[in-house]
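A short write-up of the structure that comes next.
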Amino acid sequence: QEDDDACSDYGSRDKPGTALGRTVPDGNVLFPDIFQTDNLLFYERFKAYQDYILADCKASEVKEFTAEYLEKVLEPSGWQAIWRTSVFEVLVEVVDVECSALKAVVRCGEPLLCESRVSTFTSESVLELLEVKEHQIPLQELWVVYDESGEFDQTALAIEHIRFFYKCIWRTWDEEEEDDFDYFVRCVEPRLRLHYDILEHRVPSGLVADYQNLLSQCEELYRKFLDLRSSMSSSDSDSEVENVSMVEGLKLYEKIEHLKQKLKLIENPLLRYVFGYQKYSGLQAKGMRPMGTKITHVVSSAMMASLLQSLIRDKLCPESYGEELEIQFHSDPLVAVNACYEGDTVIICPGRYVVDGVFCIADSIELEGYGLPDDIVIEKRGKGDNFVDCTGADIKISNLKLVQHDAVEGVLNVHHGKTTLENCVLQCETTGITVRTAAELVMKKSDLYGAKGAGVEIYPGSTCTLLDNGIHHCKEGILIKNFLDENYDIPKITMVNNMIHNNEGYGVVLVKPTITSDVKDVSAVKREGIFVWGLDLITFSLFSDLGNTRAHPGSEGACVEALRHEELPKCITADLERNEQAVIAEQAESNYKIANELGATSAKKSQMHKKRLSELGITEADDNLMSQEMFVSIVDNQFKWNGKGSFGTFLF
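Using the UniProt record's numbering, read the sequence shown as starting at 1 and increasing by one per residue.
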């Protein structure tokens, strides 16, 4: 127990000497050193808030619990601190503490040490300000002066915990949240984790910017809401103006609740990547060169004569193009891509290339490896957000191996336009490939593995064609994001002959909200295989004739086919045939299940759309206008050894 106490937030008062570091306040030697407390680790803050400050308190009890904590650990007087604001810094001595108000009673130190960032604010101004404040200032504005005795360690730590809490954790609307939950579990822990995830560069910069923007919007709207509520409560009138204010207040409240839900999604470490964020790339296409010329860029770390001869024979022969080629040589693939204009080609020779930047491809270019993917490796180093960003109208990438290290975002993001990926190997770190809304991905004969999220993320309104690929050893194989929202279009998905195996969760996951009971269930219609409500096209390519299903190389079916040619006893042959049929039937069921669920969800979306139109008084809508085309082709895919099965849904 003594060891636990020594490591606890209270520390051991019997142990001589301070356990905290010291630092010069903002490099200013005019002031004495202060305790360095802003570099605490996640678990140190977590333990303090959970065990000593907040425990299992409700949101409405935060101030009470905080005051009790401060009463236990703060030295009531006899210590110095630097009072720091955005305008000035001044050395003060604390003579008393008002824990319930989170304030300290102070007087200026002798001699008076003051530094102002505004020339008009002088030492006399500080003294006048103290008089106005009755010498009471917020604890959050105090930085405790270093003392090597250890007597004021807990005072310095306690003030740091309070300062950090009200700066990074507490929200002005928290007190009005429902009071039937544990505030630490519901709010403090997820916000604390998000803070440290951001500090340690584990959150994409775009998502961080979104979060800060949402937080600012919510705080501004909440201030307006409070002002409006205050003005209404001070007025006893039932006038028309008062009614208008009430309607305005309700609208503000709805907006605030919507923003709060978005903030909670980002604060939740499990959901922030499932729902993602809309990232709008500012990449600008260069277009064609003024003279209309197209250049072939050749990348090689060292150009040997034999390699050049092979390139001329296979890739650079003028007869192949019908005109003279202009060629540029590079040693860095990133430099080559950045030099491209519309219609250029980049040929990357065998070698291992390490890049620190981001491949931003805004023009329609071809990026191809000269050889086998395992011989042409591009590695991404550093904690940059992205590896490859595609916004071009028609981008083609082939015969490359892309390797991520220490990444934050996925290996390939298709934001706009069409990207075709063929015969590539993708070794991922976070997510694999992301197909954003209105973008198109065609991925053929490629291998993707290692993603800590989903191997492929498919956004609403996108088009994704996956042919003859391997997707394995990821958190989830393929994740199809929620498209039931009225603002989203239905994605077009084609999956043919893919091997999706050894993923930790499901082979394919569909994210969708829990549908309220007032929306009619379409399961009965789904069982009949008929989908109505204005869907233009739903194609299910399923195993209607199991006997004609082709076996895939390396699959159980191929093994059985090979064995069948040997002379085996009839009983063994019969067993093998039964096993083969069982395997084929299982794969057929998986394909059918995915296609069926996607179709049912699309039908439900159309039904919800009709219901909304009906509520608006539109009873006879043109199905051709309100329907959204969906094409789903799920055929010949194999799902093996996925931790949770071939298909699942994530309800929120």
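Idealized CB from N, CA, C, for every residue including glycine. Given the structure is predicted, the values throughout are model-derived calculations rather than measurements.
{"query": "With DSSP as the reference, identify every bridge partner of R202, one or two as the case may be.", "result": "The partner list for R202 (beta bridge, DSSP) is empty, contrary to what the question assumes."}
{"query": "Can you give the Cα-Cα distance for F639 and N502, rounded to whole angstroms?", "result": "9 angstroms"}
{"query": "Considering just the uninterrupted stretch of the beta strand (DSSP E) at L651, what are its terminal residues?", "result": "G645 to L651"}
{"query": "On the criterion of 16 or more Cβ atoms from any shown chain inside 10 Å, does W641 qualify as buried, or is it exposed?", "result": "exposed"}
{"query": "In angstroms, rounded to a whole number, what distance separates the CA positions of L129 and F88?", "result": "12 angstroms"}
{"query": "Just the C-alpha distance for L448 and V185, rounded to the nearest angstrom, thanks.", "result": "36 angstroms"}
{"query": "Write down the C-beta distance between I169 and V188 rounded to the nearest angstrom, noting that I regard them as a contact closer than 8 angstroms.", "result": "6 angstroms"}
{"query": "Which runs of the beta strand (DSSP E), 3 residues or longer, sit entirely within the region 120-205?", "result": "136-138 and 142-144"}
{"query": "Just how far apart, CA to CA, sit V355 and L30?", "result": "45 angstroms"}
{"query": "Taking the runs of the beta strand (DSSP E) that are 3 residues or longer, which of them lie wholly in the region 317-345?", "result": "326-330"}
{"query": "Alpha carbons only, please: which of Q50, A55, T18 and D51 is nearest the one belonging to T37?", "result": "T18"}
{"query": "Quick one: any contact between the region 117-136 and the region 42-55, if contact means 3 or more CB pairs under 8 angstroms?", "result": "no"}
{"query": "Between the region 365-372 and the region 391-411, are three or more C-beta pairs nearer than 8 angstroms?", "result": "yes"}
{"query": "When the distance is taken between beta carbons, is I137 closer than 8 angstroms to W79?", "result": "no"}
{"query": "Going by beta carbon distance, what residues of the same chain come within less than 7 angstroms of G461, once the five residues before and after it are set aside?", "result": "T437, A438, Y488, D489 and P491"}
{"query": "Would DSSP call M303 helix, strand or coil?", "result": "coil"}
{"query": "For the region 251-271 against the region 293-312, are there 3 or more C-beta pairs whose distance is under 8 angstroms?", "result": "no"}
{"query": "Work out the CA separation of A285 and G450 for me, nearest whole Å.", "result": "32 angstroms"}
{"query": "Check H501 in the structure and name its three-state DSSP category.", "result": "strand"}
{"query": "Could you check which residue in D406, K251 and S230 has the C-alpha nearest to that of C428?", "result": "D406"}
{"query": "With a threshold of 7 angstroms on Cβ separation, who are the neighbours of N624 within its own chain once the five nearest residues in sequence on each side are excluded?", "result": "Because the pLDDT at N624 is just 39, under 50, the model does not fix this residue reliably, and the point stays unresolved."}
{"query": "From what residue to what residue does the alpha helix (DSSP H) around E71 run?", "result": "V62 to V73"}
{"query": "Between P76 and T155, what straight-line distance do the alpha-carbon atoms span, to the nearest angstrom?", "result": "9 angstroms"}
{"query": "Could you say if the region 134-148 and the region 99-114 meet the contact criterion of at least three C-beta pairs nearer than 8 angstroms?", "result": "yes"}
{"query": "Taking just the CA atoms, how far does A600 sit from V522?", "result": "Since pLDDT at V522 reaches only 38, below the 50 mark, its modelled position is unreliable, and the value read off the structure follows with that caveat. Distance between the alpha carbons of V522 and A600: 7 angstroms."}
{"query": "If I measure Cβ to Cβ from D33 and keep anything under 8 angstroms in the same chain, skipping five residues before and after, which residues do I get?", "result": "R22, T23, V24, P25, V145 and Y146"}
{"query": "Nearest-angstrom Cα distance between E115 and V90?", "result": "6 angstroms"}
{"query": "For V425, which option in K418, E409, T419 and I397 has the closest C-alpha, if you only look at C-alpha atoms?", "result": "I397"}
{"query": "If you run the structure through DSSP and keep just helix, strand and coil, what is C464?", "result": "strand"}
{"query": "Along the chain, where does the alpha helix (DSSP H) containing residue 654 start, and where does it finish?", "result": "This structure gives no information on residue 654, because the portion of the chain shown stretches from 1 to 652."}
{"query": "What distance in whole Å lies between the Cβ atoms of A588 and V632, which are believed to be in contact at a cut-off of 8 angstroms?", "result": "Not quite, the Cβ-Cβ distance comes to about 16 angstroms (not below 8 angstroms), so this is no contact."}
{"query": "Buried or exposed for V337, going by 16 or more other Cβ atoms inside 10 Å?", "result": "buried"}
{"query": "Over the uninterrupted beta strand (DSSP E) stretch that includes R352, give me the two end residues.", "result": "G351 to V355"}
{"query": "Measuring only the C-alpha atoms, how far is H565 from N591?", "result": "Below a pLDDT of 50, predicted positions are generally treated as unreliable, and H565, at 39, falls in that range; no measurement from the model is reported."}
{"query": "At which residue ranges does the region 399-484 contain complete beta strand (DSSP E) runs of 3 or more residues, listed in the order of the chain?", "result": "401-404, 412-414, 418-422, 425-427, 433-435, 440-444, 447-449, 454-458, 463-467, 470-472 and 476-480"}
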